[in-house]
Structure formats: structure tokens, C-alpha cells
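Following: one structure in C-alpha cells, then a few remarks.
In the working numbering, the protein residues as written are 223 to 657.
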């Protein structure tokens, strides 16, 4: 019989000790065939929840612990994180169960000498009505409230202001909806909805062919196996739509894997023309090709290729997509480890991003168009890159977006991150090679 709390504690110990990828560790645990769906849900919610709320949980623990957190045994600290998380965020768990099960974990993991300490910290928190006053300073208070590193918060405020930052971080606390794109090359909208009977599906008016599904494992359905849709956030669908694709064009996708944008572009072109989808790793390029095969998209060719290297054979492209590697601040609600990144790690990215953009632009034929996009909120990786390129390369110019509901006409760049579309944080810009 699976003890779900023990599994969570083992995962947390590995995650914080080795800085491992949470999704890979979690998948290795959930692959246990004997584990019930209820256990899997409990483990997933608590494990991801604790990673997402780490700064908040540690702040609360520091208020009730007689010892500095840095002096605590890592296992004991993770037991306290689990206990506080259950008390504060899991209404389905009774307070006594949260405390008692936490104490039991100290015995199971051979740190029973801390059982009284763990019990005292959790009971004290309960007596204070499971609340704790946030720090008084603005940045520190936001860091604790949203569980995001202070350096990231300072960066967001500097670039986008207090109001945008608070809206974005409020949304980052919520479980994101899942968005899918109906494969218009394989079935009708009604056929897809019928195939996904049992799921709560909302058809969006924009972007076209985009649907929202609040929850459930869509990839385990026959509709997925039969290539009737692929999973893709609204922001990525918008990037493809903004590129303004038409039938028969020659298109390059320079940083393609796992391939969602290539798939959407292929459908927008009605499976005509050609899309060459590059990835620096052969295995990931194969992932794109297998996804295209599942969707029945024959106009995609995936191949190993470096976005920083120019391959003359692909010159004369009608359209190029440069969805470049980035710091990922726009997707912290999906990748909780990003909340705790040191912003100094971002400093080398603009140089690489600019080089990819310059290489991508060189593929364009006269009159050809390019979309540069990232899933981050950092002007140094976004606006500054595209504006620098336009100022240094006179053969290129701004290219107007197509009409987007709720957006002004005549724009060539767009930052998403508050509640306009309910999408991830994202940046999209468009340029054109002069004729």
C-alpha cells in the first residue's frame, strides 16, 4: 500500500538536494501501476504546491521555529513544509491529521528526535488561526505572498510596474486551464467535441480553433491518439496567427521542439507548403516529427539543426519563427522552479537571442516576415532585442500585426501576462525584410 505523504517527502528531499526537475521526478513516482488515482492526485497537488509555495512556507516556519531554517535537517524542514502546506492550503485535510501524519514522518525517516519540535511548530500555527503577518517592506511582502524570489520581483516591477506585476503574480497562484488547438486538417469542431465527451470544453471566439479544457488527462484519450488536437497555450497559438501564414509558403521554425507551433502553423497553411522545424538535439527533432505524424501533417520536416548556424539551403523563406530559449518568467505557474531563479542567470541570454534573431532574419526573402517570441517577461530579452535589431539592420522594418480583438491596430510587438487572454506571460514581435 502506498503512503502518499512518504512519497511526497522523498520527492521533496531529492528536489531540494539535487535541484532536480520536478516533472521528471514526479513522473517516475506516478508511473507506479499499483498507485490509485486518488494517491496520484494527492501526491501531485502537495508536491507541486510545496514547490510553488516554498518561500511562503519557509517564512511561516521561521516565525514559529526556535531554530534558524539553515540549521534544520533538510528532512525535518521538508516535513514542516508539508505540515504547514496541509494546514494552510488543503481544506480536505483535518488539522489533527496534518499534525499527526507529520509527526509520524519523523519516525519513518529516522529523525524522531524532532517529533516534539515538529508537533510544537504546527500546533502553534494552528493556535494562531493558521495565519502569519507578511513582512512590512513592499518587495519582501510580495516575495512571501507570491513565493517568488525578490530579484525577480524587482525585475518585473522595474520593467512593467507594480500594477502589471501584481496582476501577473496573482494569476500565477492559480491552476492554469489547459488550452488545445483543434486540428482543422483532420476533423470538424463538432467531431472533436463529441470525441472528448465527458470533458468540460469551452470553444473560444479567439484565437480560431482554440478550446479551453479546465482539467483531465487529455493525452490519454483516443481523440489525442487519433491526432484530433494538440495541447498548446493561447500565447503560442497567437504567435503563429500573428505570423500571417498562407497556403503554399516556405516556413522555418528555428527552435521548434516539442513542436506545438510547427503543428499550428501547418494547420494554418492547410497542410500545404513546407515547414522545416529545427532543434539542436536529434532526439527532440524526432519528437516533433512523430507529433506531426500523429496529427497527419505532411508539410513538416523536422531535422537536427543549430539556430545559431546559417544553412544556405534554406534561404528565401517566406516566413520564419524564432521562439527563442529564454528565462521563462512567463510560465512560473507551470514550472514552479523558475520562481527561485537568480536573475544573474539571465544575463547571457540576450546575446544568444539576438544572434538567433539575426540568423533567422537572414533566411527571409525580400518581403518575408519573421516573428520573434519568448515565454518570459524581461525587457532585456524582449523589447530591447527587437528594437536593437531594427536600429542596427536597415534592411528590415516593423511589420504590423493582423487585427487582434481587444488590441490596438498597427502594433508590431505585444507583451502578455495580465488577464487579457488568460494566457502565459509571453512576448511576440514581428518584423519584415524590405523589398
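Where is the CB? At the ideal position from N, CA and C, for every residue including glycine.
Source: prediction; values computed, not measured.
Give the single residue among the options whose Cα lies nearest to the Cα of residue i.
i, options, result
"residue 558", "401, 270, 519", "270"
"residue 591", "621, 549, 536, 343", "621"
"residue 564", "373, 624, 571, 531", "373"
"residue 282", "311, 258, 264, 260", "311"
"residue 644", "381, 393, 252, 349", "393"
"residue 572", "586, 610, 584, 582", "610"
"residue 654", "587, 599, 606", "587"
"residue 350", "358, 286, 652, 649", "286"
"residue 490", "480, 646, 463", "463"
"residue 618", "447, 548, 634", "634"
"residue 532", "252, 342, 582", "582"
"residue 485", "651, 408, 548", "408"
"residue 475", "530, 517, 492, 442", "530"
"residue 551", "412, 568, 511", "568"
"residue 469", "479, 482, 640, 492", "492"
"residue 562", "275, 251, 547, 589", "275"
"residue 556", "292, 235, 385, 397", "397"
"residue 279", "306, 292, 479", "306"
Could you pull the start and end residues of the alpha helix (DSSP H) that residue i belongs to?
i, result
"residue 387", "372-393"
"residue 403", "Careful: residue 403 lies outside any alpha helix (DSSP H), inside the beta strand (DSSP E) at 400-404."
"residue 588", "No alpha helix (DSSP H) contains residue 588, which is instead part of the beta strand (DSSP E) from 586-596."
"residue 643", "Element bounds for residue 643: n/a, residue is neither H nor E."
"residue 609", "605-614"
"residue 490", "482-490"
"residue 412", "411-417"
"residue 447", "444-447"
"residue 678", "Outside the displayed range of the chain (223 to 657) lies residue 678, so it cannot be described from this structure."
"residue 621", "No alpha helix (DSSP H) contains residue 621, which DSSP labels as neither H nor E."
"residue 458", "456-464"
Quick check: what's the CA-CA separation for residue i versus residue j?
i, j, result
"residue 495", "residue 521", "6 Å"
"residue 295", "residue 399", "37 Å"
"residue 594", "residue 544", "5 Å"
"residue 347", "residue 614", "58 Å"
"residue 502", "residue 528", "5 Å"
"residue 290", "residue 432", "49 Å"
"residue 575", "residue 225", "45 Å"
"residue 616", "residue 457", "29 Å"
"residue 246", "residue 642", "32 Å"
"residue 355", "residue 368", "14 Å"
"residue 624", "residue 423", "27 Å"
"residue 314", "residue 405", "39 Å"
"residue 604", "residue 329", "50 Å"
"residue 357", "residue 646", "28 Å"
"residue 416", "residue 377", "45 Å"
"residue 253", "residue 259", "11 Å"
"residue 360", "residue 319", "35 Å"
"residue 612", "residue 578", "14 Å"
"residue 657", "residue 651", "20 Å"
"residue 549", "residue 560", "8 Å"
"residue 637", "residue 482", "20 Å"
"residue 343", "residue 370", "24 Å"
"residue 284", "residue 437", "35 Å"
"residue 323", "residue 352", "17 Å"
"residue 584", "residue 395", "40 Å"
"residue 388", "residue 536", "43 Å"
"residue 628", "residue 335", "60 Å"
"residue 451", "residue 414", "8 Å"
In the DSSP assignment, the beta strand (DSSP E) including residue i goes from what residue to what residue?
i, result
"residue 166", "Only positions 223 to 657 of the chain appear in the structure, and residue 166 is not among them; the question remains open."
"residue 649", "648-655"
"residue 350", "First-last for residue 350: undefined, no H or E at that position."
"residue 473", "472-475"
"residue 453", "451-453"
Of all the CB atoms in chain D, is at least one closer than 7 Å to the CB of residue i?
i, result
"residue 486", "Reference to chain D is not applicable here, since this structure consists of a single protein chain."
Could you tell me how far apart the beta carbons of residue i and residue j are, in whole angstroms, since I believe they sit closer than 8 Å?
i, j, result
"residue 426", "residue 434", "6 Å"
"residue 421", "residue 454", "In fact, because the Cβ distance is near 16 Å, the residues do not count as touching under 8 Å."
"residue 340", "residue 302", "6 Å"
"residue 540", "residue 472", "5 Å"
"residue 460", "residue 429", "6 Å"
"residue 265", "residue 229", "5 Å"
"residue 365", "residue 277", "6 Å"
"residue 261", "residue 601", "Not a contact, Cβ separation roughly 44 Å."
"residue 304", "residue 268", "7 Å"
"residue 488", "residue 519", "4 Å"
"residue 514", "residue 507", "About 11 Å; that fails the 8 Å criterion."
Closer than 6 Å to a non-hydrogen atom of the ligand NAP - does that hold for the CB of residue i?
i, result
"residue 366", "Ligands are entirely absent from the displayed structure, and the ligand NAP is therefore not among its contents."
- Item | alpha helix (DSSP H) runs wholly inside the stretch 234-291, at least 4 long, in chain order | 244-252, 259-274, 276-286
- Message: Extract the residue ranges of the beta strand (DSSP E) inside the stretch 497-573, only unbroken runs of 3 or more that lie entirely within it.
- Response: 522-526, 539-545
- Query: What runs of the beta strand (DSSP E), each 3 residues or longer, lie entirely inside the stretch 300-330?
  - Reply: none
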